[in-house]
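64 is the number of the first residue of the sequence shown in this note's numbering; add one for each residue after it.
Following: one structure in C-alpha cells, then a few remarks.
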Amino acid sequence: MPTADLLAAALAHAERGWHVFPLRPNDKRPAFPDHAADDCTGRDPRCRAGHVGWEPRATTDPTRIRRAWSTRPYGIGIACGPSRLVVVDLDVPKDDTTDRTGLDTLAELAAAHGAVIAPTYTVTTGRGGTHLYYRHPDHGPTLRNTAGTVGPMVDTRATGGYVVAPGSTVAGRPYTVDLDTDPAPLPGWLAGLLAPAPLPPQRPIMVALPGGRERAYVRAAVERECARVVNAPDHHNDNLYRAAVALGQLVAGGALSVDEASTALEHAGITAGLRHGAVLRTIASGFRAGAARPRQVAA
Numbered sequence: 064m065p066t067a068d069l070l071a072a073a074l075a076h077a078e079r080g081w082h083v084f085p086l087r088p089n090d091k092r093p094a095f096p097d098h099a100a101d102d103c104t105g106r107d108p109r110c111r112a113g114h115v116g117w118e119p120r121a122t123t124d125p126t127r128i129r130r131a132w133s134t135r136p137y138g139i140g141i142a143c144g145p146s147r148l149v150v151v152d153l154d155v156p157k158d159d160t161t162d163r164t165g166l167d168t169l170a171e172l173a174a175a176h177g178a179v180i181a182p183t184y185t186v187t188t189g190r191g192g193t194h195l196y197y198r199h200p201d202h203g204p205t206l207r208n209t210a211g212t213v214g215p216m217v218d219t220r221a222t223g224g225y226v227v228a229p230g231s232t233v234a235g236r237p238y239t240v241d242l243d244t245d246p247a248p249l250p251g252w253l254a255g256l257l258a259p260a261p262l263p264p265q266r267p268i269m270v271a272l273p274g275g276r277e278r279a280y281v282r283a284a285v286e287r288e289c290a291r292v293v294n295a296p297d298h299h300n301d302n303l304y305r306a307a308v309a310l311g312q313l314v315a316g317g318a319l320s321v322d323e324a325s326t327a328l329e330h331a332g333i334t335a336g337l338r339h340g341a342v343l344r345t346i347a348s349g350f351r352a353g354a355a356r357p358r359q360v361a362a
C-alpha cells in the first residue's frame with residue numbers, strides 16, 4: 064500500500080481513539096525501537112530516561128502520526144492497552160491435520176454460556192484468520208495477552224499487546240476490514256475466562272540494609288522503587304525495568320551492593336505477579352543500563 068494510504072489508515076484508526084505506532088514495512092515487528100531492552104544503553108536520545116518500547120510511543124496525535132508515516136510505508140500497529148481494546152485472535156489451521164478453526168472454538172464457548180458471537184469490528188488477517196475487536200471492560204481486572212487460555216487456536220491481545228491494523232500488509236498479505244462498526248463491549252462470559260488469577264496477598268517488602276545517614280537515603284530509594292513496582296496497576300515489567308535502572312545506578316556508584324538491589328527487586332517483581340525468569344532478565348537489563356550512569360550518595 065502506498066505511504067499516503069497507510070498514513071490515511073493510521074489517522075483513521077487514531078480518530079477512533081486507537082493508539083497507533085509504526086511497524087516495519089510488510090512486517091509484524093515494531094519499527095521503533097530498533098534495539099531490544101536488553102541491548103539498551105541509554106545513548107539513544109529516545110531512551111535517555113530508560114528504554115522506551117513500542118507501547119509508550121503509540122499515539123493518537125495527528126501531527127506525530129503524519130511525521131512518522133511521512134517517509135516510509137510503515138505498517139500500522141495498534142497498542143491495545145492505551146486503546147482500551149481486547150482483540151480476540153481466531154487462527155486458522157496451518158496444515159491439513161485439522162479443519163477446526165479458532166472461530167469454531169469461540170462459537171462453541173459462546174453457546175456453552177448461552178450466548179452468540181455478536182457483531183463487532185472485525186478484521187481478516189493476512190493468513191485468513193479473524194480479529195474481533197472488543198472494548199475493554201470499564202470495571203474489573205486489567206486483561207492482558209493470552210495464548211490458548213480460552214481454547215485451541217484462540218489468542219487474545221489486550222494490555223501489553225498489539226495487533227497489526229487493517230491497511231497493513233505482512234509478507235505481502237493484506238489485513239482488511241471485514242465488518243466496519245464500533246467495537247462491542249467484551250462479553251461478560253469471555254471477560255471471566257480471560258481474567259487473570261488473583262495475586263496472593265501482598266506484604267510490605269522489607270529491605271535490610273546497614274545503618275547510617277547515607278544508608279537511610281539508599282534504603283528509602285530501594286523501598287520507593289520496589290513499592291512502585293508492586294503498587295502499579297499495570298505495566299509491571301516496565302516499572303521493574305525502570306526501578307532496576309535507578310538502583311543499578313546506585314550499584315554502579317558503590318552506594319548499594321548488587322545482591323541487596325537484586326534481592327529487593329526480585330521480591331518486588333514476583334509479588335507483582337511477574338514470572339521469575341522474566342524478573343531476572345529485566346533486572347539484569349536494567350542494571351546494565353544503570354551501570355552506564357553511576358550515581359553516588361554523599362556521606
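All C-beta atoms in this analysis are idealised placements derived from N, C-alpha and C, irrespective of residue type, glycine included.
The three-state reading of DSSP puts residue 301 in helix, counting H, G and I together. Taking a C-beta distance under 8 Å as the contact criterion, residue 128 and residue 186 do not qualify as a contact pair.
In this structure, residue 138 sits away from residue 117, with a CB-CB distance that is not shorter than 8 Å.
In the DSSP assignment, residue 225 forms a beta bridge with 142. Counting every other CB atom within 10 Å of its CB across the protein chains shown gives residue 133 a total below 16, marking it as exposed. Taking the Cα positions, residue 351 is about 36 Å away from residue 151.
Residue 241 sits in a strand when the DSSP states are folded into three classes. Residue burial annotation: residue 244 is exposed, with fewer than 16 other C-beta atoms found within 10 angstroms of its C-beta. For residue 204, there is no enclosing beta strand (DSSP E), as DSSP marks it with neither H nor E. Approximately 7 Å separates the beta-carbon atoms of residue 307 and residue 353; this is inside 8 Å, confirming the contact. Listed in chain order, the beta strand (DSSP E) runs fully inside the segment 144 to 185 are 148 to 153, counting runs of at least 3 residues. By the neighbour-count criterion, in which a residue is buried when 16 or more other Cβ atoms sit within 10 angstroms of its Cβ, residue 153 is buried. Assigned with DSSP and collapsed to three states, residue 292 falls in helix. Here the segment 177 to 185 does not lie against the segment 200 to 212, with fewer than 3 beta-carbon pairs under 8 Å apart. Here residue 249 carries a coil assignment [DSSP, helix/strand/coil]. For residue 125, there is no enclosing beta strand (DSSP E); the enclosing alpha helix (DSSP H) covers residues 125 to 131.
For residue 338, the three-state secondary structure derived from DSSP is coil. In chain order, 337, 341, 345 place their CB closer than 7 Å to the CB of residue 300, counting only its own chain and leaving out the 5 sequence neighbours on each side.
Of 167, 298, 201, 215, the smallest CA-CA separation from residue 223 is found for 298.
Here residue 320 is exposed: its Cβ has fewer than 16 other Cβ atoms, across all protein chains shown, within 10 Å. In the DSSP assignment, residue 330 forms no beta bridge with any residue.
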